[in-house]
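I have placed the structure first, in the form of structure tokens, so that the comments after it can refer back to it.
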Amino acid sequence: MKYVPLHVHSEYSLLDGLSQTKHIAKRLEEIEVDACAITDHGTVSGAIDFHKTISKGFKPILGCEFYISNREATVKDPDNAKLSHQVVLAKNLEGWKNLLSMVSISNKVDHFYHKPRVGVDYFMELASKANGSLVSFSGHLGSRLATAVVDNPNWQSDGIREAERLQKAFGKGNFYIEIQLIDSLINKEAKEVAEKLREISKLTKIPCVATPDAHYCRREDAHDQRVLLCTSLRKSIGQVQSELKQGKSKFLGTFFNSNNYHIPSYDDMREFHTEEELQHTVDIANSCTNYDILGPPNPPVFDCPDEMSPNDYLRELCRVGWSNKMDHITKGSLFSEYGDRVNREIKIFTETNLSSYFLIVRDIIQYAESRGYLTGPGRGSAAGCMVSYLMDITKIDPMRYDLIFERFYNAGRNAGGRVSMPDIDIDVPKQSRNDIIDYIKKKYGEDNVAQIVTFQTLKGRASLKRVMAARGNIGFSEQNAITSHILDEAKISDELQDMKDELGTSSVITWALENREDKLKEWCYVDDDGNLQGKFAKIFEQAIRLEDTKIIQSKHAAGVVVSPQPIYDVCPMVIDKEGKGQLAGFEGPSCEDAGLLKLDVLGIKMLDKIMEMPGIIKDTYKVPV
């Protein structure tokens with residue numbers, strides 16, 4: 016191996032990075048490298064996705080490009096709003112935990128100001144406390160080191176001072192001067208900075224390392240990334256280009272005048288960098304060990320009465336439930352069927368150490384009902400579990416309605432030491448949801464409970480509209496006419512799943528072109544060879560490529576994670592932009608991959624309305640209820 020890309024952004028650098036991790040993996044295979052670092056802006060929310068995808072054939076290196084303020088991050092004024100960048104990589108599991116801590120700190124409510132950030136002095140302190148578990152580099156435009164030398168007559172002394180400060184913080188051998196030249200033929204400032212930094216490297220003996228600044232996989236992907244940038248700016252490509260011609264918004268020229276922000280090959284990099292600079296990318300990759308950030312389910316151990324174990328308490332509650340609910344079942348074949356079903360379920364849950372999960376869910380529902388809140392009787396596959404019915408988690412006898420247990424939990428999915436978690440929707444009144452979450456936090460600890468993040472992705476209709484808006488030459492009426500024939504994903508979910516099973520991928524737009532051909536043929540259609548044709552074929556092609564790209568971070572409507580330890584030990588905490596706290600920074604499946612227990616506590620407005628009915632009846636008809 017001659018080179019490793021160490022500065023790569025994924026789609027988790029929202030509306031800036033384009034690449035999904037599966038596309039990064041494919042690109043690494045094309046350029047024949049066997050390791051790669053992910054360094055998204057201010058976040059590591061894509062780390063689980065990246066780790067699971069990349070580790071199948073490559074070494075994943077987990078990192079983050081932090082935002083650093085010149086003064087304490089708690090100072091929130093325009094003078095302290097200008098931020099510099101600093102890339103940090105985790106060398107090992109200890110480094111990963113330090114990275115999680117640093118990201119969580121940058122996302123604290125009193126630190127966040129437009130971006131998640133850390134004050135420079137505090138950042139250096141955190142780096143020093145990492146005990147050599149982190150490796151860092153600085154030098155690309157906008158970074159701490161580049162900022163010290165750009166347009167500065169004292170660039171040499173200031174650059175040396177900043178480089179040595181960073182080296183002291185991370186430790187000798189764990190800090191490199193970053194040389195980023197992939198776009199230097201277009202961006203002359205990058206070349207000027209690199210020349211100064213190479214001089215500083217000679218004077219300080221701090222080694223240089225070559226990096227790209229990859230925001231998409233291949234050069235041709237630049238056109239798609241510009242659509243994301245236009246979405247963020249709420250401008251068309253034409254408007255941006257006009258501003259650039261007028262000398263405005265010069266920072267946008269980076270991406271709109273160049274297609275060099277891809278994941279380059281060794282030959283691409285060799286054109287600009289010395290062999291020593293390229294070799295140091297391999298040295299850094301080799302210093303990063305293989306470590307696993309995934310973990311088995313790790314719910315809190317439920318505190319049972321009378322010093323019973325969770326397994327024994329689960330059995331006891333099932334016995335009590337049987338006594339209270341099964342008196343209509345007498346000896347005979349039906350008795351045996353019920354008994355066999357219950358015993359089989361208990362055996363599965365106790366052998367997989369899932370008893371605490373059911374006890375935690377039951378406790379939450381009991382709390383809700385003790386407060387007079389109406390809870391759901393059981394929705395979806397959860398109603399197929401006899402244990403849940405006997406424990407009063409659900410209110411439906413699954414045997415009576417021939418509900419299949421394996422739709423709820425199939426122990427056959429457990430393999431390779433990993434246990435899949437059950438999924439019980441806890442439906443509560445919407446107005447009471449926050450009270451119930453507060454109860455969970457008080458019981459298990461503020462740091463051990465959090466709601467979770469989710470990311471809105473571009474779907475068929477939205478993807479088409481974003482592309483058309485970026486093109487800027489299609490009227491709103493025509494945009495609406497086109498997208499009116501693109502159905503919502505939920506309405507064709509079964510058909511999309513069939514498409515994914517057959518082709519490995521699915522597309523709402525492709526489905527519409529195949530199934531609503533007569534409605535869309537004025538703008539685009541599929542020819543006999545499977546190619547898109549028509550006056551808007553290029554627009555449809557681009558919109559299909561952009562489908563499923565993440566664009567907006569928000570709070571999940573139902574997801575809550577519970578842990579026996581602080582969540583930030585295994586998962587980054589990110590700012591809750593809708594409130595005043597923080598969210599678990601992995602999406603639901605990734606939270607579970609990290610070992611966190613995910614619960615779905617969903618606020619249902621209908622339950623609020625049903626609870627209001629007795630009062631309405633009493634007031635309207637003057638009758639006791």
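Every letter in the sequence shown is one number past the one before it in our numbering, and letter 318, counting from 1, is 333. Ideal Cβ placement from N, Cα and C applies to all residues, glycine included.
Exposed unless 16 or more other CB atoms sit within 10 angstroms - verdict on residue i
i	result
MET628	exposed
GLN471	exposed
ALA599	buried
HIS129	exposed
PRO639	exposed
PRO168	exposed
THR520	exposed
LEU349	exposed
PHE266	exposed
VAL335	exposed
GLN512	exposed
ARG415	exposed
PRO20	buried
DSSP-derived helix/strand/coil call for residue i
i	result
HIS56	strand
VAL541	strand
ALA398	helix
GLU45	helix
ASP615	strand
GLN548	strand
PHE185	helix
THR345	coil
PRO320	helix
ASP442	strand
SER447	helix
LYS74	strand
GLY310	coil
ALA205	helix
ILE631	helix
TYR583	helix
CYS232	coil
ALA163	helix
PHE364	helix
ALA225	strand
VAL642	This structure gives no information on residue 642, because the portion of the chain shown stretches from 16 to 640.
PHE603	Phe is not the amino acid found at residue 603; the sequence shown has Gly there. Residue state, collapsed to three classes: helix.
ALA609	coil
ASP559	According to the sequence provided, residue 559 is Ile. The question's Asp does not apply to it. In this structure, ILE559 counts as helix in the three-state DSSP scheme.
SER148	coil
ALA50	strand
PHE190	strand
Counterpart residues of residue i in DSSP-defined beta bridges
i	result
GLN240	GLN240 is not bridged to any residue.
VAL589	LEU598
THR469	SER569
CYS303	According to DSSP, CYS303 bridges with nothing at all.
HIS100	TYR82 and SER158
SER34	BP columns for SER34 are empty, so no partner.
Check whether residue i and residue j have beta carbons under 7 Å apart
i	j	result
LYS570	GLN446	no
HIS100	SER158	yes
GLU76	PHE65	Note that residue 76 is Ile in the sequence shown, not Glu. Not a contact, by the Cβ cut-off of 7 Å.
ASN107	THR304	yes
VAL443	TYR404	no
HIS155	GLY32	no
THR226	GLN195	yes
TRP538	ILE501	no
VAL150	LEU104	yes
PHE152	VAL224	yes
VAL589	ASN122	yes
ALA485	SER251	yes
GLY487	GLY253	yes
ILE441	ILE379	yes
SER578	LEU614	no
TYR382	TYR459	no
CYS319	ILE278	no
LEU561	LEU473	yes
Neighbour flag for residue i against chain C, beta carbons, 7 Å
i	result
GLN101	Annotation note: the requested chain C is absent from the structure, which comprises a single protein chain.
Practice task
Could you tell me whether the region 310-324 touches the region 362-380, where touching means 3 or more Cβ pairs closer than 8 Å?
Solution key: yes
Exercise for the section: Assess, as a yes-or-no matter, whether the region 433-442 is touched by the region 607-614 under the definition of 3 or more beta carbon pairs within less than 8 Å. Expected result: Yes: the two stretches touch, three or more of their Cβ pairs being nearer than 8 Å.
Problem - Stretch-stretch touch, CB-based, cutoff 8 Å, three pairs: the region 280-290 with the region 82-100 - result: no
Practice task
Decide if the region 19-29 is in contact with the region 570-583; the criterion is three or more beta carbon pairs, one per stretch, under 8 Å apart.
Solution key: no
Exercise for the section: State whether the region 336-344 contacts the region 401-415, with contact taken as three or more CB pairs (one from each stretch) at a distance under 8 Å. Expected result: yes
Exercise for the section: Check whether the region 343-355 touches the region 320-334, counting contact only when three or more Cβ pairs, one atom from each stretch, lie closer than 8 Å. Expected result: no
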